[in-house]
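Asks: Questions regarding the structure given below will be posed in turn.
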Amino acid sequence: MLLQHVRGVHDEHGHRPRRRGVYIMILPSMGMISEVIPVMSRRPIFGYKAIAYSTVAIGLLGFTVWVHHMFTTGIDIWVRIPFMFATVTIAVPSGVKVFNWLATMWGGKILLRTPMLFAIGFLSMFVIGGISGVFQASIPVDYQLQDTYFVVAHLHYVLFGGSVLGLFAGTYFWYPRITGRMYHEGWGKVHFALTMIGLNLVFFTMHFLGLMGMPRRYADYHVLLPFQPLLLPLNQLATVGAFILAFGQLPFFYNMIRSRWVGPVAGDDPWADRSPGPWRSPLEEGAPEVPAVEASPGGGNGGR
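Take 261 as the starting number for the sequence shown in our numbering and just add one per residue.
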């Protein structure tokens, strides 16, 4: 028990990475989303300082929540309750970010290109993962859901639906800046569609499996089928979703590799944001002088 506290483990069995790693892994993607949405919405980001402060808050609060995966280990209630409140509290800065991103999009002239599609996917999946996490912060609820597939679903909506979709958004967004060429928009949207379909088929299904009591880390669950016959078709559905999600990444790699050599030249302003300083195409030997950046932090000149 003491060793588990020292390690700050993800769950009570000590088989998962430290909990604060989950928040650290998603912070870079949050930063990318804060860059993508203003440009694609043609509006300065709403509440720039609140975005920055909430990032610091998430980083600090991430060090205070590991015990919420040890509620079922028999530790005293006076230890569990403060960590329950800490777990709920971390939803506040996360909610601030979501609100600011949505407020940035509100009334904007949204350009629904692949980076923005992945940014919207990030928002929706992160909200689902965050809400399911708040459920588990409650000690009585956690007693029922601990070590079930509900936990697996929550974790992957935050990690894959959050971190990975954010990375995809950033990759498509900066691809013209890095390579000087544009990716193929059609293949990008195919990648987005297959990823979202596969992601929700495999992970949303796991919520129902967890509510039915299916435990994680079990190789065989046939003993549960007489009591929960729906476990079999739901697991089969999740497997289909996993294959769709896996094969759905092939268009991404094809698009990135092919566009590097045959993609159209991006130009100095691929997103037509009228802010050429940050988007000046890369030169063979780098910039001969420091580019003039006229935009405010997180704002851009779009929509002006």
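Glycine included, each C-beta is placed from N, C-alpha and C at the ideal position. These figures come from a predicted structure and were not determined experimentally.
Are there 16 or more other CB atoms within 10 angstroms of the CB of Arg303, so buried, or fewer, so exposed?
Replies: It is buried - the Cβ of Arg303 has at least 16 other Cβ atoms within 10 Å.
Asks: DSSP on Arg441, reduced to helix/strand/coil?
Replies: Strand.
Asks: Can you tell which of Tyr478, Ile399, Trp434, Pro489 has the C-alpha that lies nearest to the C-alpha of Val325?
Replies: Residue Ile399 is the option with its Cα nearest to Val325.
Asks: What's the C-alpha gap between Met466 and Phe428?
Replies: Cα to Cα, the separation comes out at about 24 Å.
Asks: Give the range of the alpha helix (DSSP H) segment to which Met365 is assigned.
Replies: Here the alpha helix (DSSP H) through Met365 covers 351-365.
Asks: When you compare each of Pro288, Ala397, Ala498, His451 to Pro375 by their alpha carbons, which one comes out closest?
Replies: Per the Cα distances, His451.
Asks: Starting from Lys309, trace the alpha helix (DSSP H) in both directions and tell me its first and last residue.
Replies: Lys309 -> alpha helix (DSSP H) spans 308-321.
Asks: Write down every uninterrupted run of the alpha helix (DSSP H) in the segment 397-472 whose length is 4 residues or greater and which is fully enclosed by it, in chain order.
Replies: The segment 397-472 contains these whole alpha helix (DSSP H) runs: 399-405, 409-418, 425-439, 445-471.
Asks: Taking the CB atoms as reference points, tell me whether Gly473 and Gly501 lie closer together than 7 Å.
Replies: No, the Cβ-Cβ distance between Gly473 and Gly501 is not below 7 Å.
Asks: Rounded to whole angstroms, what is the Cα-Cα separation between Gly421 and Phe503?
Replies: Near 16 Å, if we compare the C-alpha coordinates of Phe503 and Gly421.
Asks: What does DSSP give as the partner residues of Pro475 in its beta bridges?
Replies: Bridge partners of Pro475: Thr408.
Asks: Residue range of the alpha helix (DSSP H) that Thr499 falls in?
Replies: 491-507 is the span of the alpha helix (DSSP H), which, as asked, contains Thr499.
Asks: Could you spell out where the alpha helix (DSSP H) holding Met516 opens and where it closes?
Replies: Residues 510-522.
Asks: Between Leu287 and Ile311, which are expected to be in contact by the criterion C-beta below 8 Å, what is the C-beta distance as a whole number of angstroms?
Replies: Not really, about 12 Å apart at Cβ, beyond 8 Å.
Asks: Take Met456 and list the residues in its own chain whose beta-carbon comes closer than 6 Å to its own, dropping the five residues that flank it on each side.
Replies: Cβ neighbours of Met456 beyond the five flanking positions: Gly381.
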